[in-house]
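Chemist: Numbering (the numbering used here), first residue to last: 7 to 159.
Glycine included, C-beta positions come from ideal geometry on N, C-alpha and C.
Could you have a look at this structure, given as structure tokens, before my questions?
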């Protein structure tokens with residue numbers, strides 16, 4: 007409630023003194039938009055976390071010793087839902103790249119395996135086996151195109 011009251015910009019203009027109907031209507035619309043912006047900012051403030059998280063190691067303990075399953079147990083539900091395991095032992099080691107928005111993942115194995123998928127839903131986009139050494143993979147300008155650095159090309 008206090009945060010909301012600090013963001014309010016005052017009472018606004020007195021509509022009775024404005025003679026022009028068009029100007030009165032525009033001012034009324036702007037006042038409504040301002041009120042909605044303040045309300046949405048107040049709601050967004052409620053959703054923000056109070057403090058940021060961090061990993062703190064005990065004396066002599068190294069953070070690289072933390073296991074993924076231990077981290078998942080101690081984070082919030084939203085972050086834990088983003089955890090996934092991808093085990094591909096046959097064609098590795100793999101190079102990977104995410105799209106700009108971070109939704110799609112492109113992987114390329116050293117033995118010729120290429121795959122794209124949506125990591126949040128697990129939906130496979132495409133999968134190709136080129137039977138050549140893959141050196142690197144990269145997304146191009148959107149999620150539909152990618153480039154692969156192969157041994158022969």
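Based on Cα-Cα distance, which residue from 37, 135, 105, 18 lies nearest to residue 96?
Modeler: Stepping through the chain shown from its first residue, residue 96 is reached at position 90. The option with the nearest alpha carbon to residue 96 is 135.
Chemist: Indicate whether the contact test is met: 3 or more Cβ pairs, each with one atom in the stretch 142-154 and one in the stretch 100-107, closer than 8 Å.
Modeler: Cβ pair count under 8 Å is three or more, so yes.
Chemist: Assuming residue 84 is part of the alpha helix (DSSP H), what are its boundary residues?
Modeler: By 1-based counting over the chain shown, the position of residue 84 is 78. Start and end: 83-87.
Chemist: Pick helix, strand or coil for residue 101, following the three-state DSSP scheme.
Modeler: The count along the chain shown starts at 1 and reaches residue 101 at position 95. If DSSP states are grouped into helix, strand and coil, residue 101 belongs with the strands.
Chemist: Measuring CA to CA, which of 121, 78, 100, 117 is closest to residue 110?
Modeler: Within the chain shown, residue 110 is the residue found at index 104, counting from 1. Comparing Cα positions, the closest option is 121.
Chemist: Only counting runs of 4 or more residues, tell me where the alpha helix (DSSP H) segments fall wholly within the stretch 18-69, in order along the chain.
Modeler: Qualifying alpha helix (DSSP H) stretches, in chain order: 27-53.
Chemist: In this structure, does DSSP put residue 96 in helix, strand or coil?
Modeler: Here residue 96 refers to the residue found at position 90 of the chain shown. Coil at residue 96, not helix or strand.
Chemist: How many Å lie between residue 112 and residue 77 at the Cα?
Modeler: In the chain shown, residue 112 corresponds to position 106, counting from 1. In the chain shown, residue 77 corresponds to position 71, counting from 1. Distance between the alpha carbons of residue 112 and residue 77 is about 25 Å.
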